[in-house]
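**Student:** The structure under discussion is supplied below as C-alpha cells; questions concerning it will follow.
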Amino acid sequence: MPEKTYQPTLTIKVMKKIIAAIAFLLAGASAFAEQADYNIIPLPKSVDVDASQTMTLRSGMGIAYDAGNPDAARNAQFLRTWVEEATGIHLELTPTDKKAAVRMTIAAQKKLKKGQKLTPQEEEAYTIVVDKKGISISAASQTGLFRAAQTLRKALPMGEGMTEVELPFAKITDQPRFEYRGVMIDCARHYFPLETLKRYIDVAALHGCNQLHWHLTEDQGWRFEVKALPELAQKGSWREQTVVGRNTGVYDGQRYGGFYTQAECRELVNYAAERYINIIPEIDLPGHMMGALHVFPNLGCTGGPYPVWPQWGVSHEVLCAGNPETLTFLKTVVGELCDVFPSKYIHIGGDECPKERWKQCPKCQAKAKELGLKDDGKHSVENQLQTYINHEMEKFLSERGRDMIGWDEVLEGGLTERGIVMSWRGIQGGIEAAKQHHRVIMTPTTFCYIDYYQLKDQGAQPLGIGGYLPTSKVYSFEPLVPEDLTEEEQQYILGPQVNLWTEYVAYPQHLFYMLLPRLDAISEVQWCRSDQKDFDNFKARLPRMLKLYDRLGINYCHRIE
Ligand code: ACM
Ligand code: ZN
Numbered sequence: 025m026p027e028k029t030y031q032p033t034l035t036i037k038v039m040k041k042i043i044a045a046i047a048f049l050l051a052g053a054s055a056f057a058e059q060a061d062y063n064i065i066p067l068p069k070s071v072d073v074d075a076s077q078t079m080t081l082r083s084g085m086g087i088a089y090d091a092g093n094p095d096a097a098r099n100a101q102f103l104r105t106w107v108e109e110a111t112g113i114h115l116e117l118t119p120t121d122k123k124a125a126v127r128m129t130i131a132a133q134k135k136l137k138k139g140q141k142l143t144p145q146e147e148e149a150y151t152i153v154v155d156k157k158g159i160s161i162s163a164a165s166q167t168g169l170f171r172a173a174q175t176l177r178k179a180l181p182m183g184e185g186m187t188e189v190e191l192p193f194a195k196i197t198d199q200p201r202f203e204y205r206g207v208m209i210d211c212a213r214h215y216f217p218l219e220t221l222k223r224y225i226d227v228a229a230l231h232g233c234n235q236l237h238w239h240l241t242e243d244q245g246w247r248f249e250v251k252a253l254p255e256l257a258q259k260g261s262w263r264e265q266t267v268v269g270r271n272t273g274v275y276d277g278q279r280y281g282g283f284y285t286q287a288e289c290r291e292l293v294n295y296a297a298e299r300y301i302n303i304i305p306e307i308d309l310p311g312h313m314m315g316a317l318h319v320f321p322n323l324g325c326t327g328g329p330y331p332v333w334p335q336w337g338v339s340h341e342v343l344c345a346g347n348p349e350t351l352t353f354l355k356t357v358v359g360e361l362c363d364v365f366p367s368k369y370i371h372i373g374g375d376e377c378p379k380e381r382w383k384q385c386p387k388c389q390a391k392a393k394e395l396g397l398k399d400d401g402k403h404s405v406e407n408q409l410q411t412y413i414n415h416e417m418e419k420f421l422s423e424r425g426r427d428m429i430g431w432d433e434v435l436e437g438g439l440t441e442r443g444i445v446m447s448w449r450g451i452q453g454g455i456e457a458a459k460q461h462h463r464v465i466m467t468p469t470t471f472c473y474i475d476y477y478q479l480k481d482q483g484a485q486p487l488g489i490g491g492y493l494p495t496s497k498v499y500s501f502e503p504l505v506p507e508d509l510t511e512e513e514q515q516y517i518l519g520p521q522v523n524l525w526t527e528y529v530a531y532p533q534h535l536f537y538m539l540l541p542r543l544d545a546i547s548e549v550q551w552c553r554s555d556q557k558d559f560d561n562f563k564a565r566l567p568r569m570l571k572l573y574d575r576l577g578i579n580y581c582h583r584i585e
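If you count by my numbering, then the sequence shown holds residues 25 to 585, one letter each, in order.
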C-alpha cells in the first residue's frame, strides 16, 4: 500500500521538474531569433556572408522605395506581404524614409559605351547588402528589385508570429544565366481556371521564370475567344466526352470544356506582367485543329464533319493548306491574339501535322503546284506547303512587330527568316537552327517534359503519359553544347523551358504535383552558371522550398529521385 501512494507523488515532482526545464528552454530559445539563410533556389550568382554579424528585422520597421513609381510601390508591397507571410513580421511602407531598415532603389547605371545597351540578363540583375544599416536592395530595373524581393522572401526563416529574425551580414549579387526562362502549360487538353493559372504564375515567378508559354488550342478543345468568330470558342471548346485512361476505347460520357474570354486573357497578362512574366500564347497550327474544324468543317481537306476530339494523340485531320479561307481564318485568329497579348513572341505551334490529307487533297496539291513546290530530297512538297503557311504567319506577325516561335518541325520545310525554334524532339533541331543563326528555346523531351513520370514506381503516382523524368535528370540538363556549337552560335540559344502537357492532368493538385519540385530543378538550369550546379547541394537546399510550398498550400511531389 505505501508504495502505491509514494509512486504518484514522485511522478508529479518529476513532471514539475520537466515542465520547469521546458519553460526554461523556451525562455532561453526566445532570446535567439531565427536566422535567415541565403542558400535558396535558384542559387544567386554570388553570396558573401559574414555570419559573425547580423541585422535584426522586426515588426514596425519600414520599407523605402520610389513613391512616385507604381511599379516600385507594388514591389515594396510584395516584399511586405512575403515577409509577413513567412514570419508574421509586419513591415511598414515608408517610401520617403531614407533611414528605413529596408531600402529598394534603382541603382545608377554603369557608364555604357555609345550604342551599348544592358543585356536582358543585366536588366534583371540586383544587389542586396545586409549590414548594420539594414537591408539595401538595388537593381537596374524594377524587374531586378522584384527578383531581389523573391530572394529575400526565400531566405527568411518560416514560422508563426515571429517577432524578429536575424539576417547575417551579406552581399548578394545576382543575375540570371539565360534571358529566356520558360514554363509551359497546356490548357487545351484540360481547362484550368484563372485562379489556378495565377497560382501557376506565382510559382513560376518564385523560381525566377520570365516566360509563361500558354498552349491554348488543340484537337481536344479551343480555349481562346475570337470576337470575330464567336462560335469558335463557344462550340470548339466543348468535347462531348473524354476517353478513360490511355485511349482505352471507353469514354466517360461527360461533356467537358470551357474557354478564356479576351477579358480574362488580358487580366492574366496583367497579373503576369506585375510579376515580371511575359505570356506567350500559342495557337497550334495547322495541325492539332479539331476544335476549330468542328466549328468550321469547310477548313478541313474533307469537309468533315469533325468532333472536338474525345481521345488523346494526334489527329490526321488538319487545316487544308490549299483553301484560301484557311489563311483568312488564321489571320483573323492571330490578329486578335496580337491585340490581346502584347508579347513580342507569338507561338504558332507547327508540330505534329500529319500530311496524309494534304497528299490526297486536290486543293492542297493545286496550291503546291501554284507555288512551284518540288521535293528537293531534303524537304517534301507537303513540308514545304507547311513552310508556306509559316511564312505567311511570320510576315503577318512581323507587320505587327512580333516574332514567330514554332516547334522544331518548322525546320522540316526550310525555316522562315526570323522564326524562333522550340527544340522539343531532342536538342538536334535547336543545334541546327542555331547553326543557321536562328534563335532557339531548348525544351527537349528527355530533360524538359514534366508530364512524364518523376518516380520509377509508376504505381506511386497518378496515371501519366509515361516516360521517366526524375528531378535529378531535369537538374542535369545543359542547354549549351560547346561540342556542337561555337561560342557565337551558342548566343542563339535563348534559354530552356519545361513543358507541362495535360492529357492526364485534370486538376490543380495534380498540376502542381507534376510541376514541383521539377521546376526547382529547371530554375537552376535557367538561372545558375553550370559550374554552380551540384545536385546534392541542390537537394540540401530543397527542404526550405518545400516548407514554403506547405505554407502556401501548394502541392508537390514529396519524393525526389
Ligand atoms: C509537342 O510535344 N508535340 C510539341
Ligand atoms: Zn487540303
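All C-beta atoms, glycine included, are put in the ideal place defined by N, C-alpha and C.
In terms of alpha-carbon separation, which member of GLY491, VAL73 and ASP210 lies closest to GLY373?
**Tutor:** When each option's Cα is compared against that of GLY373, the closest is ASP210.
**Student:** Our contact map puts ALA316 next to TRP246 with C-beta atoms below 8 Å; I'd like the distance itself, whole angstroms only.
**Tutor:** That belief holds up - the Cβ atoms of ALA316 and TRP246 are roughly 6 Å apart, short of 8 Å.
**Student:** For the 8 Å Cβ check, are there 3 or more pairs between the region 76 to 86 and the region 123 to 130?
**Tutor:** The region 76 to 86 is in contact with the region 123 to 130.
**Student:** Within the same chain, show all residues whose beta-carbon is closer than 6 Å to that of GLU58, passing over the 5 residues directly before and after it, in chain order.
**Tutor:** Excluding positions up to five away in sequence, the list reads PRO181 and VAL189.
**Student:** What is the residue span of the beta strand (DSSP E) that PHE604 lies within?
**Tutor:** Because the chain in this structure spans residues 25 to 585, residue 604 falls outside the shown range and cannot be described.
**Student:** Inspect the beta-carbon positions of TYR473 and GLY490 and report whether they are closer than 8 Å.
**Tutor:** Not in contact: TYR473 and GLY490 (Cβ atoms no closer than 8 Å).
**Student:** Can you find the residues in the same chain that come closer than 7 Å, C-beta to C-beta, to ARG542, ignoring five residues on each side of it along the sequence?
**Tutor:** The residues are ILE474, GLN478, THR495, VAL498 and VAL522.
**Student:** Which runs of the beta strand (DSSP E), 3 residues or longer, sit entirely within the region 199 to 249?
**Tutor:** Those beta strand (DSSP E) runs which fall completely within the region 199 to 249 and span 3+ residues are 206 to 210 and 235 to 239.
**Student:** Under 8 Å by Cβ, that's how I've got ALA88 and THR118 pegged, so tell me the actual separation to the nearest angstrom.
**Tutor:** About 6 Å separates the two Cβ atoms, so the contact holds.
**Student:** For LEU309, is the classification buried or exposed, using 16 other Cβ atoms within 10 angstroms of its Cβ as the cut-off for buried?
**Tutor:** Answer is buried; the Cβ neighbour count reaches 16.
**Student:** Just to confirm, does ASP375 get its C-beta within under 7 Å of one of the non-hydrogen atoms of the ligand ACM?
**Tutor:** Checking every heavy atom of the ligand ACM against the Cβ of ASP375, one is found closer than 7 Å.
**Student:** Does DSSP put GLU376 in a helix, in a strand, or in coil?
**Tutor:** In the structure shown, GLU376 sits in coil (DSSP, three-state: anything other than H, G, I, E or B).
**Student:** To the nearest angstrom, how far is it from the Cα of PHE202 to the Cα of PRO334?
**Tutor:** When rounded, the distance between both Cα atoms is 39 Å.
**Student:** Should GLY454 and ILE546 be called a contact, given that it needs their Cβ atoms to be closer than 8 Å?
**Tutor:** No, Cβ-Cβ distance for GLY454 and ILE546 is not below 8 Å.
**Student:** Here's the rule I'm using: 16 or more other beta-carbon atoms within 10 Å means buried, otherwise exposed. How should ARG553 be labelled?
**Tutor:** By the neighbour-count rule (16 or more Cβ atoms within 10 Å), ARG553 is not buried but exposed.
**Student:** Are the CB atoms of ASP61 and LYS195 nearer to each other than 8 Å?
**Tutor:** Result no, Cβ atoms of ASP61 and LYS195 do not sit closer than 8 Å.
**Student:** Run the proximity test for TRP448: is its beta-carbon closer than 7 Å to any non-hydrogen atom belonging to the ligand ACM?
**Tutor:** Flag set: Cβ of TRP448 near the ligand ACM.
**Student:** Considering only heavy atoms of the ligand ZN, does any lie closer than 7 Å to the CB of LYS393?
**Tutor:** No - the ligand ZN has no heavy atom lying nearer than 7 Å to the Cβ of LYS393.
**Student:** In the DSSP assignment, find the unbroken alpha helix (DSSP H) run with THR469 in it and report its ends.
**Tutor:** Start and end: 469 to 472.
**Student:** Nearest-angstrom Cα distance between VAL293 and ILE159?
**Tutor:** Each residue's Cα considered, the two are about 31 Å apart.
**Student:** Hey, would you say the C-beta of CYS552 is under 7 Å away from at least one heavy atom of the ligand ZN?
**Tutor:** For the ligand ZN, not one heavy atom lies less than 7 Å from the Cβ of CYS552.
**Student:** Would you say TRP431 touches the ligand ACM, meaning its beta carbon is less than 7 Å from a heavy atom?
**Tutor:** Indeed, a heavy atom of the ligand ACM lies less than 7 Å from the Cβ.
**Student:** Per DSSP, which one or two residues make a beta bridge with GLN278?
**Tutor:** Note: GLN278 sits in no beta bridge, so no partner.
**Student:** Tell me whether the beta-carbon of PRO200 lies closer than 8 Å to the beta-carbon of GLN550.
**Tutor:** Yes, they are a contact pair.
**Student:** How should PRO66 be labelled, buried or exposed, when 16 other C-beta atoms within 10 angstroms of its C-beta is the threshold for buried?
**Tutor:** Classification of PRO66: buried, given that the 10 Å Cβ count is 16 or more.
**Student:** Which term fits SER447, buried or exposed, when burial requires 16 or more other beta carbons within 10 angstroms of its beta carbon?
**Tutor:** Burial call: buried.
**Student:** Excluding sequence positions up to five away, which residues of its chain have a Cβ less than 6 Å from the Cβ of LEU115?
**Tutor:** Around LEU115: MET85, ILE87, ARG104 and VAL107.
**Student:** For TYR10 and GLY483, which I take to be in contact (beta-carbon distance under 8 Å), what is that distance rounded to the nearest angstrom?
**Tutor:** Only positions 25 to 585 of the chain appear in this structure, which leaves residue 10 out of reach.
**Student:** Should ASP74 be labelled buried (16 or more other beta-carbon atoms within 10 Å of its own) or exposed?
**Tutor:** Counting Cβ neighbours within 10 Å, ASP74 comes out exposed, since fewer than 16 surround it.
**Student:** Going by DSSP, which residues form a beta bridge with THR80?
**Tutor:** Paired residue(s): GLU190.
**Student:** For the ligand ZN, any of its heavy atoms closer than 7 Å to the Cβ of ASN347?
**Tutor:** Flag set: Cβ of ASN347 near the ligand ZN.
**Student:** By Cβ distance, which residues of its chain are closer than 7 Å to LEU240, with the 5 residues on each side in sequence left out?
**Tutor:** CYS211, ALA212, ARG247, PHE248, PRO305, GLU306 and ILE307, listed in sequence order.
**Student:** With a cut-off of 8 Å, do at least 3 Cβ pairs link the region 351 to 362 to the region 420 to 429?
**Tutor:** Yes, the region 351 to 362 is in contact with the region 420 to 429.
**Student:** Between the Cα of ALA564 and those of PRO94, ILE584 and ALA149, spot the shortest distance and give me the residue it belongs to.
**Tutor:** When each option's Cα is compared against that of ALA564, the closest is ILE584.
**Student:** Consult DSSP for TRP106 and reduce its assignment to one of helix, strand or coil.
**Tutor:** Helix.
**Student:** Just checking LYS387 against the ligand ZN - is the residue's beta carbon closer than 7 Å to any of the ligand's heavy atoms?
**Tutor:** At least one heavy atom of the ligand ZN is nearer than 7 Å to the Cβ of LYS387, so yes.
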